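Residue numbers (our numbering), protein chains in the order written: chain A, 48 to 291; chain B, 136 to 628.
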């Protein structure tokens, strides 16, 4: 056998194969992008015909996500009370956003409740009361219904409220989530009353549907990827994002 | 190095680089394709499906040899067998010829008269529709049977010169006599050989049973044995599944949810209970800490198909075979039989089937619950509870090699424990409080419905042994006593 010739043929064959693969990959990607843009336009039009107005960007792209095992985390109330009792009072003028974030983070750390998932969300000032809210994020995806609320009054932390789900295990099997437009269409089909809807936000979250089953004393549970649709002044609707 | 060699080396390196590039490109290309698709589809493990006919077994067979001389035998092969052996069912098949069977409704008194003489009776805990009864046991069903709704008890009596069968329909509360051939032809009872069957049992030897009234002088026809020899003893057992056995629990869940397990929510409770839930609770599987499994499935919309008793039973048998099988997970074999079948309430077209188990011919009682309960509605299993045990059959075989011992006397058991039994009846409101011992004794003695030996699995997760017992059924309560000492050990309502 002429090995020199065989090698040359193999090299040519591999080069051609690679070129075809590269071309296909890029062509496919750009085709998907175009299709998705087209689909978004059509969906928005359809939604508007049904009285649903999307006032936010619709997330594009395809994602794969696992389901998430979460543990209901309990906190030691005694430690919280001890920390609350040891608060220093600050003047109202000192309580800038930076200071509030810093003092609440310190408090959470002092209570041994700070993890990498504790993520600052917002500060709400109502009358003389300030509320600093933290949410639970894993890989930049929020775990819904999991929060820390710290209340500051008269210059010191007066209240601490926490409902926390600790992610303990991601499922090995990741599945493709349905596109945001598909979630909006499902949302539309569930809007039986044909209420006029203004969608303010749509984002991927981990969601634990507490209405589906009422366990007595759950220790761990399963959160599924879901599209969280925020509409009409803070109303929220979840659409499971795994296609079954 | 010569020039050709350099070229060859470049080619070799290029080949390796190009090959690796191809692999890399293929990875990118397939990067979005889930490897889940390459997994072999979830295999639905189906165990052996028992035959419907083997499940339909009477609670007991009572033989009256005449002159108040009785015996009670467990159904076993005497009721039905595939072999050539004589059986009750075989004689029922021979009864006929079918086209000339007359059916007439009779009174309770006439029925009792037939029972009072030489006869053989098979009593079920439930009513089997007559058409299902005939089709399952291979009986020809003449048109004259149409007046009978179902069979709860069937018997042969030498009354009417032995050409009659008797049926009690517990569902309608009616009693019937089935008269073979022309009643004027007194010598003909078809080809049935019930008298020979009764004679053969008598000739083989039997445990004598008498009505309680004969022993205690209290009105009660319940038959109890004069004495019983038994070689059954305690043996250790394990729960079929422990909720902390993660892999086993998951394997079990796969039997219920198959390829959809990824979409199933798993909840673990503080006490160790594991819950699997699909969708918005359409399918829920609960693995309890006592080793039982409970599965609930929402009835499919628009499914209102009618299913016969046998059809529903077959659906249940197949479902159990493919959802955990009829053995323990580790392969411990028990003999199942249908203990009860109750039509579901609220016009739901289906049945609740309850199955019991036997170990080498001895019934296994559960202080709490049943081994298997299944609801079948319109051909769909909507509820399934399974509570098996695991054991080593060699432990039982070892006990069975012991010489048979006399079980505690049934009559003395009542005499020794009537206060204890009375107290249980008092708690359930079946009797009123009294200090009069004679009244207490009479109330208890007259309320005993059944006395049987068997095994019991007591409730409680700390229990590790199955025990041999006397089971005294009083009204709807089963009370368990040590088989050899008659010490009370528990009860079940």
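We treat Cβ as the ideally placed atom computed from N, Cα and C, and that holds for glycine. Keep in mind the model is a prediction, meaning the values are calculated, not measured.
Neighbour flag for residue 147 of chain A against chain D, beta carbons, 9 angstroms: Absent from the structure is chain D; the protein chains it does hold are A and B.
Proximal residues to residue 167 of chain A (C-beta, below 7 angstroms), its chain only, five neighbours per side dropped: Position 120 of the first chain, counted from the first residue, corresponds to residue 167 of chain A. Non-local C-beta neighbours of residue 167 of chain A in its own chain, meaning closer than 7 angstroms and more than five positions away in sequence, comprise 148 and 181, ordered along the chain.
Nearest-angstrom Cα separation, counted from residue 301 of chain B out to residue 291 of chain B: Start at 1 with the first residue of the second chain, and residue 291 of chain B comes out as number 156. Start at 1 with the first residue of the second chain, and residue 301 of chain B comes out as number 166. Between residue 291 of chain B and residue 301 of chain B, the C-alpha separation is close to 6 angstroms.
Any C-beta of chain B under 9 angstroms from that of residue 262 of chain A: Along the first chain, one-based indexing puts residue 262 of chain A at 215. Yes, residue 262 of chain A counts as interfacial toward chain B.
Coarse secondary structure for residue 288 of chain A, derived from DSSP in three states: Here the question's residue 288 of chain A lines up with position 241 in the first chain. Residue 288 of chain A: coil per DSSP, three-state reduction.
Distance cut-off 8 angstroms: residue 312 of chain B Cβ against heavy atoms of the ligand ZN: Judged by which ligands are present, the structure shown has none, so any question about the ligand ZN falls away.
Bounding residues of the beta strand (DSSP E) (the contiguous stretch that carries residue 555 of chain B): As a first step, residue 555 of chain B is located in the second chain; it is residue number 420 there, counting from the start. From DSSP, residue 555 of chain B is part of no beta strand (DSSP E) but of the alpha helix (DSSP H) over 545-562.
Status (buried if at least 16 other CB within 10 Å, exposed otherwise) for residue 138 of chain A: Mapped onto the first chain, residue 138 of chain A falls at position 91. Residue 138 of chain A counts as exposed, since fewer than 16 other beta carbons sit within 10 angstroms of its beta carbon.
Residue-chain proximity (residue 397 of chain B, chain A), Cβ-Cβ < 9 angstroms: Taking the second chain and counting its residues from 1, one reaches residue 397 of chain B at position 262. Cβ-Cβ to chain A under 9 angstroms: yes for residue 397 of chain B.
The segment 278-285 of chain A touching the segment 205-224 of chain A, judged by at least three CB pairs closer than 8 angstroms: With the cut-off at 8 angstroms, the segment 278-285 of chain A and the segment 205-224 of chain A do not touch.
is_contact[residue 156 of chain B, chain A] using C-beta, thresh 9 angstroms: The count along the second chain starts at 1 and reaches residue 156 of chain B at position 21. At a cut-off of 9 angstroms between beta carbons, residue 156 of chain B contacts chain A.
Extent of the continuous alpha helix (DSSP H) to which residue 347 of chain B belongs: By one-based count along the second chain, residue 347 of chain B stands at place 212. Per DSSP, residue 347 of chain B belongs to the alpha helix (DSSP H) from 347-351.
C-alpha distance - residue 245 of chain A paired with residue 150 of chain B, whole-angstrom precision: Sequence index remark: in the first chain, residue 245 of chain A carries index 198 (1-based). Sequence index remark: in the second chain, residue 150 of chain B carries index 15 (1-based). Distance between the alpha carbons of residue 245 of chain A and residue 150 of chain B: 58 angstroms.
Residue 215 of chain B versus residue 427 of chain B - alpha carbon distance: On the second chain, position 80 is the one that residue 215 of chain B refers to. On the second chain, position 292 is the one that residue 427 of chain B refers to. Straight-line measurement puts the Cα of residue 427 of chain B at about 31 angstroms from the Cα of residue 215 of chain B.
Cβ of residue 133 of chain A within 9 angstroms of any chain B Cβ: Counting from one through the first chain, the residue named residue 133 of chain A turns up at place 86. With 9 angstroms as the cut-off, residue 133 of chain A does not count as an interface residue toward chain B.
Beta-carbon proximity of residue 268 of chain B to residue 601 of chain B, cut-off 9 angstroms: In the second chain, the residue the question calls residue 268 of chain B occupies position 133. In the second chain, the residue the question calls residue 601 of chain B occupies position 466. Going by C-beta atoms, residue 268 of chain B is not nearer than 9 angstroms to residue 601 of chain B.
Alpha carbon of residue 176 of chain B to alpha carbon of residue 395 of chain B, nearest angstrom: By 1-based counting over the second chain, the position of residue 176 of chain B is 41. By 1-based counting over the second chain, the position of residue 395 of chain B is 260. Low confidence applies to residue 176 of chain B: its pLDDT is 45, below 50, so where it sits in the model is not reliable, and the reading given next is rough at best. Residue 176 of chain B and residue 395 of chain B have their C-alpha atoms spaced approximately 11 angstroms apart.
Segment contact flag, the segment 455-471 of chain B with the segment 567-577 of chain B, C-beta cutoff 8 angstroms, min 3 pairs: The segment 455-471 of chain B makes no contact with the segment 567-577 of chain B: fewer than 3 CB pairs, one atom from each, lie closer than 8 angstroms.
DSSP three-state assignment for residue 524 of chain B, whether helix, strand or coil: In the second chain, counting from the first residue as 1, residue 524 of chain B sits at position 389. Per DSSP, reduced to three states, the secondary structure at residue 524 of chain B is strand.
Three CB pairs or more closer than 8 angstroms across the segment 249-260 of chain B and the segment 184-203 of chain B: Remark: three or more beta-carbon pairs, one from each stretch, lie closer than 8 angstroms, so the segment 249-260 of chain B and the segment 184-203 of chain B are flagged as touching.
Unbroken stretches of the alpha helix (DSSP H), 4 residues or longer, contained in the segment 579-625 of chain B: Entirely contained in the segment 579-625 of chain B, not one alpha helix (DSSP H) run reaches 4 residues.
Residue from B:156, B:338 and B:519 with nearest C-alpha to residue 429 of chain B: Here residue 429 of chain B is taken as the residue at index 294 of the second chain, counted from 1. Nearest C-alpha to residue 429 of chain B: B:519.
Minimum C-alpha distance to residue 131 of chain A - residue among A:256, A:207 and A:191: Start at 1 with the first residue of the first chain, and residue 131 of chain A comes out as number 84. Of the candidates A:256, A:207 and A:191, the one whose C-alpha sits nearest the C-alpha of residue 131 of chain A is A:207.
Inter-residue CB distance, residue 495 of chain B and residue 531 of chain B (contact presumed, cutoff 8 angstroms): Locating residue 495 of chain B in the second chain gives position 360, where the first residue counts as 1. Locating residue 531 of chain B in the second chain gives position 396, where the first residue counts as 1. Taking a contact as a CB-CB distance under 8 angstroms, the pair residue 495 of chain B and residue 531 of chain B counts as one, their CB atoms being some 6 angstroms apart.
According to DSSP, residues forming a beta bridge with residue 290 of chain B: Working through the second chain from its first residue, we reach residue 290 of chain B at position 155. The partner list for residue 290 of chain B (beta bridge, DSSP) reads B:256 and B:301.
9 angstroms Cβ cutoff, residue 531 of chain B in contact with chain A: In the second chain, counting from the first residue as 1, residue 531 of chain B sits at position 396. Chain A, which has no Cβ nearer than 9 angstroms to the Cβ of residue 531 of chain B, makes this no.
Min CB distance residue 238 of chain A to chain B below 9 angstroms: Residue 238 of chain A sits at position 191 when you count from the first residue of the first chain. No, residue 238 of chain A lies away from the interface with chain B (no Cβ there is under 9 angstroms from its Cβ).
Status (buried if at least 16 other CB within 10 Å, exposed otherwise) for residue 547 of chain B: If you number the second chain from 1, residue 547 of chain B lands on position 412. So residue 547 of chain B counts as exposed.
At least 3 beta-carbon pairs within less than 8 angstroms: the segment 113-120 of chain A vs the segment 263-272 of chain A: These segments touch.
Other residues of its chain near residue 320 of chain B: CB distance less than 7 angstroms, five sequence neighbours each side excluded: Locating residue 320 of chain B in the second chain gives position 185, where the first residue counts as 1. The pLDDT assigned to residue 320 of chain B is 48, lower than 50, so where the model puts this residue is not dependable; a value taken from the coordinates is nonetheless given after this. Around residue 320 of chain B: no qualifying Cβ.
Among B:474, B:533 and B:401, nearest to residue 508 of chain B - alpha-carbon criterion: Here the question's residue 508 of chain B lines up with position 373 in the second chain. That would be B:474, whose Cα lies nearest to the Cα of residue 508 of chain B.
Residue 264 of chain A (DSSP reduced to helix, strand or coil): Within the first chain, the letter at position 217 stands for residue 264 of chain A. The answer is coil: DSSP assigns residue 264 of chain A none of H, G, I, E or B.
Rounded distance between the beta-carbons of residue 523 of chain B and residue 375 of chain B, thought under 8 angstroms: Residue mapping note: residue 375 of chain B aligns to position 240 of the second chain, counting from 1. Residue mapping note: residue 523 of chain B aligns to position 388 of the second chain, counting from 1. Rounded, the Cβ-Cβ distance is 4 angstroms, consistent with contact.
Beta-carbon neighbours of residue 55 of chain A, restricted to chain B and to distances below 8 angstroms: As a first step, residue 55 of chain A must be located in the first chain, where it is residue number 8. Among the residues of chain B, those whose CB is under 8 angstroms from the CB of residue 55 of chain A are 146, following chain order.
Burial state of residue 274 of chain A (16 or more Cβ within 10 Å): Looking up residue 274 of chain A in the first chain gives position 227. Note on residue 274 of chain A: 16 or more other CB atoms within 10 angstroms of its CB, so buried under the neighbour-count rule.
Simplified DSSP state of residue 277 of chain B, which is helix, strand or coil: The count along the second chain starts at 1 and reaches residue 277 of chain B at position 142. Residue state for residue 277 of chain B is assigned as coil, using DSSP reduced to three classes.
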